[in-house]
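Novice:
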Amino acid sequence: MASVNRRLLVFGAIATAAATGAAIAEGAVPDSVASLDTAIHTVFPGGYWTDGTREGAFRAIVTEGGVEHVGQWLYLQWLVTDVDSGRSKVAAATVAVDEINQVRAEGQVLTLERDDTAKFGTLRLKVTAAGVHSDKVLRYVVTAAGAAGQYAVRRVE
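Here this note's numbering = 1-based position in the sequence shown + 125.
#1: Out of curiosity, what's the CA-to-CA distance linking residue 211 and residue 249?
#2: Let me know the alpha helix (DSSP H) ranges lying completely inside the region 180-255, each 4 residues or longer, listed in chain order.
#3: Select from 152, 182, 199 the residue whose C-alpha is nearest the C-alpha of residue 265.
#4: Hey, which unbroken runs of the alpha helix (DSSP H) at 4 residues or more fall wholly within the region 154-178?
#5: Counting only C-beta atoms, is residue 183 closer than 9 Å to chain D at any point?
#6: Can you give me the C-alpha to C-alpha distance between residue 268 and residue 280, rounded to a whole angstrom?
#7: Just curious, the beta strand (DSSP E) that residue 281 is in, first and last residue?
#8: State the DSSP-derived secondary structure class of residue 270, mapped to helix, strand or coil.
#9: Could you name the residues of the same chain whose beta carbon sits closer than 7 Å to that of residue 165, not counting the 5 residues immediately before and after it, in chain order?
#10: Identify which residue in 225, 272, 276 has its Cα closest to the Cα of residue 176.
#11: Tell me which same chain residues have a C-beta within less than 8 Å of the C-beta of residue 74, skipping the five on either side of it?
#12: Using the three-state DSSP reduction, which class does residue 262 fall into: helix, strand or coil?
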């Protein structure tokens with residue numbers, strides 16, 4: 126039961142942080158948005174994680190780069206939420222998903238979809254890497270659970 130209560134506190138802190146964001150004056154742009162790296166294409170929230178001693182939220186980040194041959198790359202990040210302040214910080218891990226980033230569809234564009242059938246505390250993403258200059262399409266399932274930095278990738282047909 127204590128574990129469930131901690132999860133509710135973490136989600137409450139995340140909700141509080143989101144509500145606090147709504148309190149920003151009309152027309153004002155927070156520094157966090159104004160200074161966002163232009164290479165960041167998508168930030169995809171991934172749900173809750175715990176490793177027994179720490180807990181927080183997953184997120185997937187897609188970056189984009191290039192001029193003539195634009196491509197996208199996938200990263201996973203484990204965030205820890207401070208229950209008192211409601212702010213999140215990067216946990217011990219931000220990892221590149223090399224199994225996708227290095228086996229590239231030509232000029233790949235990534236599409237992410239959360240698999241909501243995954244058990245609580247597990248991030249499971251369906252990732253499609255489509256070639257911009259070809260008909261090549263690669264599909265993967267990325268799963269992360271527990272300890273920060275640990276994930277698995279499975280190629281699917």
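For each residue, glycine too, the CB sits at the ideal point set by N, CA and C.
None of the values given here were measured: they were computed from a predicted structure.
Specialist: In this structure, then:
#1: Taking the first residue of the sequence shown as position 1, residue 211 is located at position 86. Taking the first residue of the sequence shown as position 1, residue 249 is located at position 124. Roughly 25 Å separates the two Cα atoms.
#2: Runs of the alpha helix (DSSP H) inside the region 180-255: 223-226.
#3: Position 140 of the sequence shown holds residue 265. Per the Cα distances, 199.
#4: If only uninterrupted alpha helix (DSSP H) runs of at least 4 residues are considered, those enclosed by the region 154-178 are 156-159.
#5: The structure shown has no chain D; it contains just one protein chain.
#6: The residue you call residue 268 lines up with position 143 of the sequence shown. The residue you call residue 280 lines up with position 155 of the sequence shown. Note on geometry: alpha-carbon atoms of residue 268 and residue 280 lie some 12 Å from one another.
#7: One-based indexing of the sequence shown puts residue 281 at position 156. 276-281 is the extent of the beta strand (DSSP E) around residue 281.
#8: The residue labelled residue 270 in the question sits at position 145 within the sequence shown. Reduced to three states, the DSSP call for residue 270 is strand.
#9: The count along the sequence shown starts at 1 and reaches residue 165 at position 40. The residues are 186, 188.
#10: Within the sequence shown, residue 176 is the residue found at index 51, counting from 1. Taking the Cα of residue 176 as reference, the smallest distance to any Cα among 225, 272, 276 is reached at 272.
#11: In the structure displayed, the chain extends from 126 to 282; residue 74 sits before or after that span and is not available.
#12: Locating residue 262 in the sequence shown gives position 137, counting from the first residue. The answer is strand: DSSP assigns residue 262 an E or B state.
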